[in-house]
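Asks: As you go down the protein sequences, you meet chains U, W and G in turn. Residue numbers for the first sequence, in numbering that gives the first Met the number 0: 0 to 550. Residue numbers for the second sequence, in numbering that gives the first Met the number 0: 0 to 290. Residue numbers for the third sequence, in numbering that gives the first Met the number 0: 0 to 249. Yeah, the Cβ is synthetic: ideal placement off N, Cα and C, and Gly gets one too.
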Amino acid sequence: MANQKQGDGSREQFIPARYQPSLPLDKLIIQDGSEGAGDRMDLDVLIVGAGPAGLACAIALAQLANADGSELNIGVLEKAEALGEHSLSGAVVNPRALRELFPDLKDSDFPFRMPVSRETVYLLTKRGRLRLPTPPTMHNRGYYVASLCELVRWLGGKAEALGVNVFTGFPAAQLLVRDSAVVGVRTAPAGLDRDGNPTAGGAAPNDLVAKVTALAEGTRGLLAQTWCQWQRVPSDNPQIFALGVKELWETKQPLDRVIHTLGWPLPNDAFGGSFIYPLEPNLVALGLVVGLDYRDSTLDVHQLLQTLKRHPLLADLLAGGEMVEWGAKTIPEGGFFALPERRAGDGVVVLGDAAGFVDVPSLKGIHYAIQSGIYAARAIFQNLQTGASLAEYDRLVNASYVARDLYRTRNMRLGFRDGFYLGGLRAALMTLTGGRFPGGKYAMHADAEVARHVGAETASNGGVSKVDAVFKSGNATRDTIPSHLIARGDVPPEVARFYSHMCPAGVYEAGDGGGSLRINAPNCVDCKATDVLGPRWTPREGGSGPKYKRM
Amino acid sequence: MKTLAVLEQRDGKLRKVSFEVVTAARRLGGPVDAVVCDTTDREGCAAALADKAKAGGYRAVVFTATATGRDLAPRVAGRLGVGVAADLTDLAADGDAIIGTRPVYAGKALQKVRVTARPAVLSLRPNIFTPDEAAAGVKPETLSVTSSGRVKVSEIKPAPAGTLDVAEAQVIISGGRGLKEPANFKVLEELAQAFGGRAAVGASRAVVDAGWRAHADQVGQTGKTVSPSLYIAVGISGAIQHLAGMRTSKVIVAINKDKDAPIFKVADYGVVGDLFEIVPKLTEEIRKLHG
Amino acid sequence: MKIAVCVKRVPDSETRVKISPDGKSLDEAGVKFVLNPYDEFAVEEALRRKEKAGSGEVAVFCLGPAAAQETIRTALAMGADRGVLLQTDKIPADPYETAKLIAAALKPDTWDLILFGRMAIDDYNHQIGSLVAQLLDLPCVTAVSHLDIQGAKGVAEREIEGGIEVLEFPLPAVVTADKGLNEPRYPALKGIMAAKKKPLEIKPVQPAAGGMEIVALAPPAERKEGKIVGEGAAAVGELVRLLREEAKVL
Numbered sequence: 000m001a002n003q004k005q006g007d008g009s010r011e012q013f014i015p016a017r018y019q020p021s022l023p024l025d026k027l028i029i030q031d032g033s034e035g036a037g038d039r040m041d042l043d044v045l046i047v048g049a050g051p052a053g054l055a056c057a058i059a060l061a062q063l064a065n066a067d068g069s070e071l072n073i074g075v076l077e078k079a080e081a082l083g084e085h086s087l088s089g090a091v092v093n094p095r096a097l098r099e100l101f102p103d104l105k106d107s108d109f110p111f112r113m114p115v116s117r118e119t120v121y122l123l124t125k126r127g128r129l130r131l132p133t134p135p136t137m138h139n140r141g142y143y144v145a146s147l148c149e150l151v152r153w154l155g156g157k158a159e160a161l162g163v164n165v166f167t168g169f170p171a172a173q174l175l176v177r178d179s180a181v182v183g184v185r186t187a188p189a190g191l192d193r194d195g196n197p198t199a200g201g202a203a204p205n206d207l208v209a210k211v212t213a214l215a216e217g218t219r220g221l222l223a224q225t226w227c228q229w230q231r232v233p234s235d236n237p238q239i240f241a242l243g244v245k246e247l248w249e250t251k252q253p254l255d256r257v258i259h260t261l262g263w264p265l266p267n268d269a270f271g272g273s274f275i276y277p278l279e280p281n282l283v284a285l286g287l288v289v290g291l292d293y294r295d296s297t298l299d300v301h302q303l304l305q306t307l308k309r310h311p312l313l314a315d316l317l318a319g320g321e322m323v324e325w326g327a328k329t330i331p332e333g334g335f336f337a338l339p340e341r342r343a344g345d346g347v348v349v350l351g352d353a354a355g356f357v358d359v360p361s362l363k364g365i366h367y368a369i370q371s372g373i374y375a376a377r378a379i380f381q382n383l384q385t386g387a388s389l390a391e392y393d394r395l396v397n398a399s400y401v402a403r404d405l406y407r408t409r410n411m412r413l414g415f416r417d418g419f420y421l422g423g424l425r426a427a428l429m430t431l432t433g434g435r436f437p438g439g440k441y442a443m444h445a446d447a448e449v450a451r452h453v454g455a456e457t458a459s460n461g462g463v464s465k466v467d468a469v470f471k472s473g474n475a476t477r478d479t480i481p482s483h484l485i486a487r488g489d490v491p492p493e494v495a496r497f498y499s500h501m502c503p504a505g506v507y508e509a510g511d512g513g514g515s516l517r518i519n520a521p522n523c524v525d526c527k528a529t530d531v532l533g534p535r536w537t538p539r540e541g542g543s544g545p546k547y548k549r550m
Numbered sequence: 000m001k002t003l004a005v006l007e008q009r010d011g012k013l014r015k016v017s018f019e020v021v022t023a024a025r026r027l028g029g030p031v032d033a034v035v036c037d038t039t040d041r042e043g044c045a046a047a048l049a050d051k052a053k054a055g056g057y058r059a060v061v062f063t064a065t066a067t068g069r070d071l072a073p074r075v076a077g078r079l080g081v082g083v084a085a086d087l088t089d090l091a092a093d094g095d096a097i098i099g100t101r102p103v104y105a106g107k108a109l110q111k112v113r114v115t116a117r118p119a120v121l122s123l124r125p126n127i128f129t130p131d132e133a134a135a136g137v138k139p140e141t142l143s144v145t146s147s148g149r150v151k152v153s154e155i156k157p158a159p160a161g162t163l164d165v166a167e168a169q170v171i172i173s174g175g176r177g178l179k180e181p182a183n184f185k186v187l188e189e190l191a192q193a194f195g196g197r198a199a200v201g202a203s204r205a206v207v208d209a210g211w212r213a214h215a216d217q218v219g220q221t222g223k224t225v226s227p228s229l230y231i232a233v234g235i236s237g238a239i240q241h242l243a244g245m246r247t248s249k250v251i252v253a254i255n256k257d258k259d260a261p262i263f264k265v266a267d268y269g270v271v272g273d274l275f276e277i278v279p280k281l282t283e284e285i286r287k288l289h290g
Numbered sequence: 000m001k002i003a004v005c006v007k008r009v010p011d012s013e014t015r016v017k018i019s020p021d022g023k024s025l026d027e028a029g030v031k032f033v034l035n036p037y038d039e040f041a042v043e044e045a046l047r048r049k050e051k052a053g054s055g056e057v058a059v060f061c062l063g064p065a066a067a068q069e070t071i072r073t074a075l076a077m078g079a080d081r082g083v084l085l086q087t088d089k090i091p092a093d094p095y096e097t098a099k100l101i102a103a104a105l106k107p108d109t110w111d112l113i114l115f116g117r118m119a120i121d122d123y124n125h126q127i128g129s130l131v132a133q134l135l136d137l138p139c140v141t142a143v144s145h146l147d148i149q150g151a152k153g154v155a156e157r158e159i160e161g162g163i164e165v166l167e168f169p170l171p172a173v174v175t176a177d178k179g180l181n182e183p184r185y186p187a188l189k190g191i192m193a194a195k196k197k198p199l200e201i202k203p204v205q206p207a208a209g210g211m212e213i214v215a216l217a218p219p220a221e222r223k224e225g226k227i228v229g230e231g232a233a234a235v236g237e238l239v240r241l242l243r244e245e246a247k248v249l
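(1) In the segment 113-160 of chain W, which residue ranges form an unbroken beta strand (DSSP E) of at least 3 residues, counting only runs that do not cross its ends?
(2) Strictly by DSSP, which residues pair up with Tyr-123 of chain G?
(3) Can the beta-carbon of Ile-2 of chain G be found less than 8 Å from the beta-carbon of Leu-62 of chain G?
(4) Tell me whether His-289 of chain W is buried or exposed, calling it buried when 16 or more other Cβ atoms sit within 10 Å of its Cβ.
(5) Tell me which residues share the same chain as Ile-171 of chain W and place their Cβ nearer than 8 Å to its Cβ, disregarding the 5 neighbours each side in the sequence.
(6) Which first and last residues belong to the alpha helix (DSSP H) in which Val-75 of chain W is found?
(7) I need the straight-line Cα distance from Gly-11 of chain W to Thr-38 of chain W, nearest angstrom please.
(8) CB-CB under 8 Å to Arg-15 of chain G, same chain, minus the five flanking residues each way: which ones, in chain order?
(9) Just checking: is the beta-carbon of Phe-115 of chain G within a distance shorter than 8 Å of some beta-carbon in chain W?
(10) Whole-angstrom Cβ separation of Val-184 of chain U and Leu-222 of chain U, contact assumed at under 8 Å?
(11) Report yes if the C-beta distance between Ala-193 of chain W and Thr-282 of chain W is below 8 Å; otherwise report no.
(12) Below 8 Å between beta carbons: does that hold for Glu-200 of chain G and Val-83 of chain G?
(13) Check whether the segment 84-94 of chain U and the segment 350-359 of chain U are in contact - that is, three or more C-beta pairs closer than 8 Å.
(14) How many whole angstroms separate the CB atoms of Tyr-104 of chain W and Asp-121 of chain G, which I take to be in contact at a CB cut-off of 8 Å?
(15) For Gln-149 of chain G, write down the residues that DSSP places opposite it in a beta bridge.
(16) For the segment 339-346 of chain U and the segment 226-236 of chain U, state whether three or more C-beta atom pairs, one from each stretch, are separated by less than 8 Å.
(17) Closest to Ser-173 of chain W by CA distance: which of W:Gly-136, W:Leu-142 and W:Trp-211 is it?
(18) How big is the Cα-Cα spacing for Leu-63 of chain U and Ala-475 of chain U?
(19) Indicate the three-state DSSP secondary structure (helix, strand or coil) for Leu-338 of chain U in the structure shown.
(20) Assign Gln-192 of chain W to one of three DSSP states: helix, strand, or coil.
(21) For the ligand ZN, any of its heavy atoms closer than 7 Å to the Cβ of Ala-427 of chain U?
(22) In the segment 186-239 of chain G, which residue ranges form an unbroken beta strand (DSSP E) of at least 3 residues, counting only runs that do not cross its ends?
(23) With DSSP run on the structure shown, which of helix, strand or coil describes Lys-210 of chain U?
(24) Looking at chain G, is there any beta carbon in it that lies within less than 8 Å of the beta carbon of Lys-179 of chain W?
(25) Compute the distance between the beta-carbons of Leu-187 of chain W and Val-233 of chain W, then report whether it is under 8 Å.
(26) Contact check, Arg-101 of chain W vs Ala-76 of chain W under 8 Å by CB: the rounded distance?
(27) Nearest-angstrom Cα distance between Lys-196 of chain G and Asn-164 of chain U?
(28) Which residues in chain G sit within 8 Å of Phe-169 of chain U, going by Cβ to Cβ distance?
(29) Have a look at the DSSP bridge pairing and note the partners of Thr-167 of chain U.
(30) Strictly under 8 Å for the Cβ-Cβ distance: is Asn-196 of chain U near chain W by that measure?
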């Protein structure tokens, strides 16, 4: 595993993919009826993940069944202990899909915090700021600032009121299959000891079997990845991701606008920026999002956010305030060309972030997730009624604004692959030409294939430490849980250090000089960055991980 | 405001909390009578105490909030037809009423209650009220218990020697990653021994996760919440999870090589430097004191 | 075996405490409510006792607001048979008033065992079990970390300072559960489905004011700024002096 000296020969580099275990498909896909399950439950439709996509799908299905006078047994599995606790987003929400899902409700009935009335985009330097004209893709007038946790809890209540069974605390761990068809999932067991053996009070996995399974696991969904690899569903480009680290602050100074920043403190060869949104005048969500194709192995998104907070723009806003919550999550950023060629198969559909329905230039995904849930519901309902193919779901999405929006900005994020300034120029041209510039598509590498040069270690620059951050995520995972992360034990020191910087929750620690990798698995907040660039993530017992309240 | 203070003894000797109760009861301003129950039969004891409280016309009856007091106080209160203002950390007379302060929500807030019930039954958190000298001379009446209860104590098993639980210790010496390896906890154990059986050795989550110490010793959010008189954090940086478990300690001492470690923010006294030099020296000094 | 378990709906232990504008209560906005963890031990113990006896009933009683139905459903999902919500928007400040309402609800039936958690993690009162026992004239054992029941006789262990007390008592009795009594079971999918259909009776109650009133709720005082005594072993002498003379803990 010698490190590769690249062309310029001056800097040591490595490719993260070389140290990444592959997805253990043999363990993730099991035949229906395999031994080892406790309870077995039969459903008409099983939805994996109670996020905006999954819950919208459940609600739309229940609405269709009610209107038709038929009865549907719909179950939603969610790994978080309670609704919304693993949901995290900026977020400014385009209400379009919610309006379609609830035609009788007004915007004021939705659990939004406030409408966006003013917005500003800044290019930051270390001490200064340059106000930029708001790019057309980033106009948020008519949209609303919201907490995704709150939106999810609200959607969950609507689903339950319609008779949907929402099972929180049950992570889906394996796909149950028959031939090439998905017939359900097996959940993760609970109550294992540190070595993975069941304890007296433990609970065996459950099998949930359904006519249709909708995978709405969110970003970097394990079973969605598994299904695509198993069924060899290609995409033009590999999916790429960004990591967002977010804090919620009660501030002394009020904020009256939505702010986005670009530039400092990100290096020029990293793509990203910050968001600063008021949920209330004195309750501010702020976060930093950085593409995981950054080049410097010691880049640390959490630390960069701490650095950003010292900029006068933020320091003034936050002075005297208190950080009340912290969280992190990845975002699929590949856009149009990274969508799986099809998102429907035999007994299965893939929704929302798990499919990659995110538009980076407008920083939006929630309404696409909800919309994909609505379309999936229509296709599933038809499938159950008439046996029509689930491919109808793909047809509906492809003919909709979801595909249109993503197509229009198809190369914009990709254009930044060569750095910030060239990317910015390309983005401007793409916008002017309605996406027609430069024609064709930019080819992308998966994030793990992008070479990292071994950066210099710098001392922590203060702010919130990673341990304190994890505490503020509400993470109270049982200490005695077995590790859910599949890592190679023999990674070189520079790769161990890369993991320790990449992970915002302090899960990975590089030993002093020796290069041994320590894994503090209970710290994990399920952001999935590790799964993109290093050790593989698998689900742990239900209720583990963060307990986000207003993220 | 005539007050009845209910004391605790062990092996015929009054426990320290008893003097705390007498001291606090005197704050209510009236005469204080002290009693002690010489039996493990708490039902019988509760009946006798309730009779005494009624017959003596006491305005308040004050208990300790120890394992024993927490069991006894509501039994007496129930017989008197009132509730207990439990686990007070402060109290004062307010005209004819009593204002008590009690930690709620795991110490994240303090509740003030105004007690107008007659008599007011109160229990006090141990280690909060500093006993005054006058309390040392208290001569409690030993209550005679006649009725026998339905619940019988058949045995009292002593805790295994030398394994004082961190939740019970008056002094806790906790170690973290700064100890470098498990064998080095020996220096903390020696310091604990110097305190002569009052001290226990605790641990941070990091070292428990690493398998250096047992989970039962872990202090913090996912371990035990402690509030000893003295907490000595050695080689612990002070993650919030740890602070959540020990911030209600009366006095906190931090020993750490990193002067910027967050633990110094909650410590009353800090010593910066090499713990392997500082702790043995401290052990020596404590031994001299207890010599 | 016929067992009653009395439970409470409490803010999750991770709750960040924010005081509401009345200055007397918790601001409940955004607060997650759960089944009191000590009551979970009580529910688990009840289920195990019933399972061991082979027959019987576990009934769950809860005093609280309408939303406490969810708390009762949690216990039903674990396996309890039915629930009773004594519905009121205000939990009395005086624990004795709470105990009276619960005792009145329990009284019409005869129970072999009445279980409580040893305390609620919000108000730290640890007394409702004892007060209810007193009101129902039943023997009571509190903060139990081990329980054995043979016929109509129980043996319990409870931790006291420096030891463990072993107690014997006749049934029926009130027992309050401490950590260590058992490991509560993980909820099962079938249990969650079944819980939706189990009977849950709602009885409105009117608590009396009693002899206690909450006059204020405030954040704890910030610890005063500590001091660095010095560096290295040379500072130990001064540290010991301060601990003796200023802090008075040695």
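Replies: A quick look at the data gives this:
(1) 119-123, 140-142 and 151-157
(2) Within the third sequence, residue 123 of chain G is the residue found at index 124, counting from 1. In DSSP, Tyr-123 of chain G forms no bridge with anything.
(3) Your numbering for residue 2 of chain G matches position 3 in the third sequence. Your numbering for residue 62 of chain G matches position 63 in the third sequence. Going by C-beta atoms, Ile-2 of chain G is not nearer than 8 Å to Leu-62 of chain G.
(4) Against the second sequence, residue 289 of chain W aligns to sequence position 290. Label assigned to His-289 of chain W: exposed.
(5) What you label residue 171 of chain W is simply residue 172 of the second sequence in a count that begins at 1. Closer than 8 Å at the Cβ level, and outside the excluded window around Ile-171 of chain W, lie Val-165, Ala-198, Ala-199, Val-200, Gly-201, Val-218, Val-225, Pro-227, Leu-229, Tyr-230, Ile-231, Met-245 and Ser-248.
(6) Position 76 of the second sequence, counting from 1, holds the residue named residue 75 of chain W. It spans 66-79 - the alpha helix (DSSP H) in which Val-75 of chain W sits, taken as one unbroken run.
(7) Working through the second sequence from its first residue, we reach residue 11 of chain W at position 12. Working through the second sequence from its first residue, we reach residue 38 of chain W at position 39. Approximately 11 Å, taken between the alpha carbons.
(8) Here residue 15 of chain G refers to the residue found at position 16 when the third sequence is read from its first residue. Excluding residues within five positions, none has a Cβ falling inside 8 Å.
(9) One-based indexing of the third sequence puts residue 115 of chain G at position 116. Chain W, which has no Cβ nearer than 8 Å to the Cβ of Phe-115 of chain G, makes this no.
(10) Mapped onto the first sequence, residue 184 of chain U falls at position 185. Mapped onto the first sequence, residue 222 of chain U falls at position 223. Rounded, the Cβ-Cβ distance is 7 Å, consistent with contact.
(11) Position 194 of the second sequence, counted from the first residue, corresponds to residue 193 of chain W. Position 283 of the second sequence, counted from the first residue, corresponds to residue 282 of chain W. Yes. Within cutoff.
(12) Within the third sequence, residue 200 of chain G is the residue found at index 201, counting from 1. Within the third sequence, residue 83 of chain G is the residue found at index 84, counting from 1. When the beta-carbon positions are compared, Glu-200 of chain G and Val-83 of chain G come within less than 8 Å of each other.
(13) Judged by Cβ distances under 8 Å, the segment 84-94 of chain U makes no contact with the segment 350-359 of chain U, as fewer than three pairs qualify.
(14) For this step, residue 104 of chain W is matched to residue 105 along the second sequence. For this step, residue 121 of chain G is matched to residue 122 along the third sequence. Contact holds; Cβ gap of about 6 Å.
(15) Indexing the third sequence from 1 puts residue 149 of chain G at position 150. G:Lys-152, per the DSSP bridge assignment.
(16) yes
(17) Within the second sequence, residue 173 of chain W is the residue found at index 174, counting from 1. Of the candidates W:Gly-136, W:Leu-142 and W:Trp-211, the one whose C-alpha sits nearest the C-alpha of Ser-173 of chain W is W:Trp-211.
(18) Position 64 of the first sequence, counted from the first residue, corresponds to residue 63 of chain U. Position 476 of the first sequence, counted from the first residue, corresponds to residue 475 of chain U. The straight-line gap from Cα to Cα measures roughly 39 Å.
(19) Within the first sequence, numbered from 1, the residue matching residue 338 of chain U stands at position 339. Note: Leu-338 of chain U maps to coil in three-state DSSP.
(20) Looking up residue 192 of chain W in the second sequence gives position 193. DSSP, reduced to helix, strand and coil, places Gln-192 of chain W within a helical segment of the structure shown.
(21) Absence of the ligand ZN is noted for the structure shown, with no ligands found whatsoever.
(22) 199-203, 211-217 and 226-230
(23) Numbered from its first residue, the first sequence carries residue 210 of chain U at position 211. The answer is strand: DSSP assigns Lys-210 of chain U an E or B state.
(24) One-based indexing of the second sequence puts residue 179 of chain W at position 180. No, its Cβ sits nowhere closer than 8 Å to a Cβ of chain G.
(25) Working through the second sequence from its first residue, we reach residue 187 of chain W at position 188. Working through the second sequence from its first residue, we reach residue 233 of chain W at position 234. A contact, by the Cβ cut-off of 8 Å.
(26) Translated into positions along the second sequence, residue 101 of chain W becomes position 102. Translated into positions along the second sequence, residue 76 of chain W becomes position 77. Not a contact, Cβ separation roughly 15 Å.
(27) Walking along the third sequence from the start, residue 196 of chain G turns up at place 197. Walking along the first sequence from the start, residue 164 of chain U turns up at place 165. Distance between the alpha carbons of Lys-196 of chain G and Asn-164 of chain U: 13 Å.
(28) Within the first sequence, residue 169 of chain U is the residue found at index 170, counting from 1. Simply Leu-188.
(29) Looking up residue 167 of chain U in the first sequence gives position 168. DSSP output for Thr-167 of chain U lists U:Glu-77 as bridge partner(s).
(30) Mapped onto the first sequence, residue 196 of chain U falls at position 197. It does not: the Cβ of Asn-196 of chain U has no partner Cβ on chain W nearer than 8 Å.
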